[in-house]
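Read through the structure below, which is laid out as structure tokens, and then see the notes.
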Amino acid sequence: MGRSSTLARLALETGRAHAQIEEALLGPLDFPTTVGYRRFLCVFYGFQAPLESALTMTPGIDLDFVAMRAKAGRIASDLLSLGLTRHEHHLLARRQEIGPFENVAQAAGWMYSTERLMLQVDAMRFRIESEMPVVIQLANQFLYSCSNNADMRWRQYGVMLDRLAKQYDVEEIVASACQSVQSLHGWLTQQVVKPVANTDERITQQQRAIA
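Spelled out as structure tokens, the structure:
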């Protein structure tokens, strides 16, 4: 697969905003804690779940392609395994408003913001495996969802975008991707709250014994 011209265009259009998104969402996990990881999952779920719902309702979309990249169910499963504080239950209940999309070009553009984030998941997984082995044993469905194949999935996504750019106006894809990045940036800004104290953990003694 060659380099995607559409992905290259999107990187130019959204690079600065996406760097801010990565810092806001992933930066706190440079030195991971269980509380920080649960909060990451809650916040990411609040954007990804409505995005996936809108994607599956888009006329003519390749449902297999969407299903292969589904993340919300894996995130929910991991959160059930880790347990939540009362504050985190409130955080998890929040949802960004996304969709509906008029066509596949819009939907594919909106996938951009979270598909690009998945390029960082392997690095996150390595840190959590090293520093929080109990967590990785309890809750690994999201982290292993694209283990060692994120680059391949990204290239496949680029192939799809290039194909759609020939069928639709490429500017529609670009505009939708920019809207997606702006929406995710706004969503993260809304979720800025005080972190929950580290003492408020919800991993049981039995779960800790797995280590």
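To convert a position in the sequence shown, counted from 1, into our numbering, add 1055.
All C-beta atoms in this analysis are idealised placements derived from N, C-alpha and C, irrespective of residue type, glycine included.
Rounded to whole angstroms, what is the Cα-Cα separation between T1113 and A1104?
Within the sequence shown, the letter at position 58 stands for residue 1113. Within the sequence shown, the letter at position 49 stands for residue 1104. Their backbone Cα atoms lie some 15 Å apart in a straight line.
Buried or exposed for M1166, please, with buried defined as at least 16 other CB atoms from any protein chain shown within 10 angstroms of its CB.
Counted from its first residue, the sequence shown places residue 1166 at position 111. Buried.
Helix, strand or coil at R1171 according to DSSP, with G and I counted as helix
Position 116 of the sequence shown holds residue 1171. Reduced to three states, the DSSP call for R1171 is helix.
Residue closest to G1101, alpha-carbon to alpha-carbon, out of G1128, Y1223, E1186 and G1115:
If you number the sequence shown from 1, residue 1101 lands on position 46. Out of G1128, Y1223, E1186 and G1115, G1128 has the C-alpha closest to the C-alpha of G1101.
Alpha carbon to alpha carbon, how far is A1205 from R1058? Give it in angstroms, no decimals.
Locating residue 1058 in the sequence shown gives position 3, counting from the first residue. Locating residue 1205 in the sequence shown gives position 150, counting from the first residue. Those two C-alpha atoms are separated by around 15 Å.
Own chain partners of R1182 with C-beta closer than 6 Å, once the 5 adjacent residues on each side are dropped:
One-based indexing of the sequence shown puts residue 1182 at position 127. P1087.
Quick one: complete beta strand (DSSP E) runs, 3+ long, within the region 1163–1232?
none
Span separating the alpha-carbon of L1096 from that of A1220:
Indexing the sequence shown from 1 puts residue 1096 at position 41. Indexing the sequence shown from 1 puts residue 1220 at position 165. Their Cα atoms are separated by approximately 32 Å.
Write down the C-beta distance between W1242 and Q1161 rounded to the nearest angstrom, noting that I regard them as a contact closer than 8 Å.
Counted from its first residue, the sequence shown places residue 1242 at position 187. Counted from its first residue, the sequence shown places residue 1161 at position 106. The pair is not a contact, with the Cβ atoms about 18 Å apart (cut-off 8 Å).
Could you tell me whether the region 1115–1133 touches the region 1219–1234, using the rule of 3 or more Cβ pairs below 8 Å?
no
Alpha carbon to alpha carbon, how far is A1194 from S1202? Give it in angstroms, no decimals.
Reading the sequence shown from its first residue, position 147 is the one you call residue 1202. Reading the sequence shown from its first residue, position 139 is the one you call residue 1194. Computed Cα separation, rounded: 14 Å.
In terms of residue numbering, what span does the alpha helix (DSSP H) encompassing P1105 cover?
On the sequence shown, residue 1105 is found 50 positions in, with the first residue counted as 1. Unbroken alpha helix (DSSP H) run through P1105: T1089 to T1111.
Where P1083 sits in the DSSP three-state scheme:
Within the sequence shown, the letter at position 28 stands for residue 1083. In the structure shown, P1083 sits in a helix (DSSP, three-state: H, G or I).
CA-CA distance, S1136 and M1207?
Residue mapping note: residue 1136 aligns to position 81 of the sequence shown, counting from 1. Residue mapping note: residue 1207 aligns to position 152 of the sequence shown, counting from 1. So the two alpha carbons sit approximately 29 Å from each other.
DSSP three-state label for S1059, please.
Locating residue 1059 in the sequence shown gives position 4, counting from the first residue. If DSSP states are grouped into helix, strand and coil, S1059 belongs with coil.
Option nearest A1148 by Cα separation, candidates E1077, V1098 and S1238
For this step, residue 1148 is matched to residue 93 along the sequence shown. Cα-wise, what sits closest to A1148 is V1098.
F1120 by DSSP, collapsed to three states: which one?
Your numbering for residue 1120 matches position 65 in the sequence shown. It is helical.
In angstroms, rounded to a whole number, what distance separates the CA positions of S1231 and G1164?
Translated into the one-based positions of the sequence shown, residue 1231 becomes position 176. Translated into the one-based positions of the sequence shown, residue 1164 becomes position 109. Spanning the two alpha carbons is a distance of roughly 5 Å.
Given V1090 as reference, the closest of E1143, E1078 and E1170 once Cα atoms are compared:
As a position in the sequence shown, residue 1090 is number 35, starting the count at 1. For V1090, the nearest C-alpha among the options comes from E1143.
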